[in-house]
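Numbering follows numbering that gives the first Met the number 0, in which position 20 of the sequence shown is assigned residue number 19; successive positions increment by one, without gaps. To start, the structure under review is shown below, and the notes come after it.
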Amino acid sequence: MRLFRLPRKPQGASEAWSLEVQIHPSDIRRRVRYLFLTRRQLTLWSFPVLAYLAFLALGVWVARGVIGGMLNRHEYSSLVTERALQGERLQDLVGRLEQLEDRTDGLHVRMNKILLAYGLPSGPSAGQGGYPFRAVTATAPDSIYGGTIYGGTIQQGNRLQTRIGERLSVLDAFLREVRTYEQANGEQVRSTPSICPLRGGDFVLTSTFGRRRSPFTKEFELHAGLDLAAPQGMEIHAPADGVVVFAGQYPMARSIGWWRYGNLVMVRNGDRFVTLFGHCQEVRVRAGQKVRKGDVLGTVGNTGWSTSPHLHYEVRRRIGDGPWAPVDPLIYILDHRWPNEERLLARARSGPEAQGYEPLPPSIGK
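See the structure below:
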């Protein structure tokens, strides 16, 4: 195809011109085709061509924005997915911190039980019944995260971290103090009741220490120990080192109160404690026998004033030359967690001394 422009006319003539287009086929035997376009026709055809080119340019520009938007949406979607995964991990970490806080709370309660059992002083507490806290500064101020989608979770994690740090610092000081005390008072530590006399989980606490209505007399009286319902024949273990001072059933003629305990084992644990185990089915120790913590004293039974097989467990404590007064045995069971132990500790520290209990037999309480 060849393009020719017609020659100009002489000066003074009309400026009209036309464009000749010759179309030569590849086969020379075919004739040449001619296309003549005037100036007006060429002008008219140029508008659609320019419009088409403008449309193509606009399409390219729009396509670039669309492709960029699609890439941005894909990147945004990836960021949202990553943020969701990070949020799940954050929630999981906060959940672990909450579990760790529960464990430190349990250790804090156990710490205070040990302080009570050993008779060690305790300072003012930030919580229930305890040991002084030392403040620990949070790793980052909460205001930094206040406007983020997981700001509340991060703030909660910071608060948990602070509380856990406080408890761990207290526990560290406690362990140093207890270690020093135990190294200096080994015999006293071994004679302090510290474990549950029944092992395993096949027992139920049915009656706690304190005043209650007697199932026999229907009168309110002091229940000086714990009742642990358990299968008959379950072994009873010594909670501390000591010497058996009584084993058997106390004669009714000498004391109706002690006769009600049925088959009874009394163990003198050093100079500060006497532990009692009532309603036994079988007694496996004898008076004068030395026992170690964990030794079998007898088995759970239903003897004496008892409505069902259970162990009646008492802890009597003497301070100085005072009487052998009953104390709540839950304080001296360190290998088991009981409900509402914080309230128990607060009551044990500030509550009045027990009254209306059966004194130990004179031959035992010397």
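Beta carbons are placed, not taken as given, at the ideal position from N, Cα and C, and that holds for glycine.
C-alpha distance - residue i paired with residue j, whole-angstrom precision
| i | j | result |
| --- | --- | --- |
| D141 | G150 | Per-residue confidence for D141 stands at a pLDDT of 49, beneath the threshold of 50, marking its modelled position as unreliable; the derived number appears in the next sentence. About 8 Å. |
| S193 | R82 | 50 Å |
| L275 | E176 | 30 Å |
| W323 | M265 | 13 Å |
| D320 | D270 | 10 Å |
| L225 | F245 | 19 Å |
| R346 | Q187 | 25 Å |
| S362 | Q155 | 59 Å |
| P267 | F219 | For clarity, residue 267 is Arg in the given sequence; the question names Pro instead. R267 and F219: Cα-Cα distance of roughly 29 Å. |
| R315 | R158 | 42 Å |
| V79 | L92 | 20 Å |
| A62 | A56 | 10 Å |
| I27 | F54 | 39 Å |
| Q40 | V48 | 13 Å |
| I330 | P250 | 31 Å |
| L18 | V31 | 16 Å |
| R348 | Y117 | 13 Å |
| E87 | H335 | 34 Å |
| L96 | V59 | 55 Å |
| L369 | R212 | There is no way to answer for residue 369, as the model of the chain reaches only from 0 to 365. |
Sub-8 Å separation of residue i and residue j beta-carbons
| i | j | result |
| --- | --- | --- |
| P238 | K292 | yes |
| R283 | G303 | no |
| H278 | S254 | no |
| L106 | I163 | no |
| R210 | L197 | no |
| D294 | H236 | yes |
| F202 | A229 | yes |
| M34 | I22 | Here the sequence assigns Leu to residue 34, which means Met is not the residue at that position. Result yes, Cβ atoms of L34 and I22 sit closer than 8 Å. |
| Y260 | H311 | yes |
| G300 | Q231 | yes |
| N184 | L344 | no |
| L89 | T152 | yes |
| T376 | L174 | Examination of residue 376 is not possible in this model, given that the chain is present from 0 through 365 alone. |
| L227 | L204 | yes |
| P360 | W257 | yes |
| V242 | R285 | no |
Exposed unless 16 or more other CB atoms sit within 10 angstroms - verdict on residue i
| i | result |
| --- | --- |
| G200 | exposed |
| W44 | exposed |
| S190 | buried |
| F215 | exposed |
| G122 | Residue placement at G122 is poorly supported in this model, since its pLDDT is 48, which falls under 50; the coordinates still yield a value, given next. It is exposed - the Cβ of G122 has fewer than 16 other Cβ atoms within 10 Å. |
| L114 | buried |
| F272 | buried |
| N339 | exposed |
| I66 | exposed |
Residues bridged to residue i (per DSSP)
| i | result |
| --- | --- |
| C279 | N262, V299 |
| R348 | The partner list for R348 (beta bridge, DSSP) is empty, contrary to what the question assumes. |
| I235 | G297 |
| G241 | V290 |
| P338 | Answer by DSSP bridge pairing: none, since P338 is not bridged. |
| P325 | R315 |
| S17 | T37 |
| L204 | L227 |
| R211 | E220 |
Min CB distance residue i to chain C below 8 Å
| i | result |
| --- | --- |
| I153 | No chain C appears in the structure shown, which is made up of a single protein chain. |
Residue i, DSSP secondary structure in three states
| i | result |
| --- | --- |
| S307 | coil |
| E218 | coil |
| Y117 | helix |
| Y33 | strand |
| G185 | helix |
| G269 | coil |
| L417 | Here the chain has residues from 0 to 365 only, and residue 417 is not among them. |
| R88 | helix |
| Q154 | helix |
| Q248 | strand |
| I363 | coil |
| G199 | coil |
| P103 | Residue 103 is actually Thr in this sequence, not Pro. Residue state, collapsed to three classes: helix. |
| I330 | helix |
| I27 | coil |
| I22 | strand |
| T191 | coil |
Contact test: residue i Cβ vs the ligand FAD heavy atom, cutoff 7 Å
| i | result |
| --- | --- |
| E220 | The model depicted lacks the ligand FAD and carries no ligand whatsoever. |
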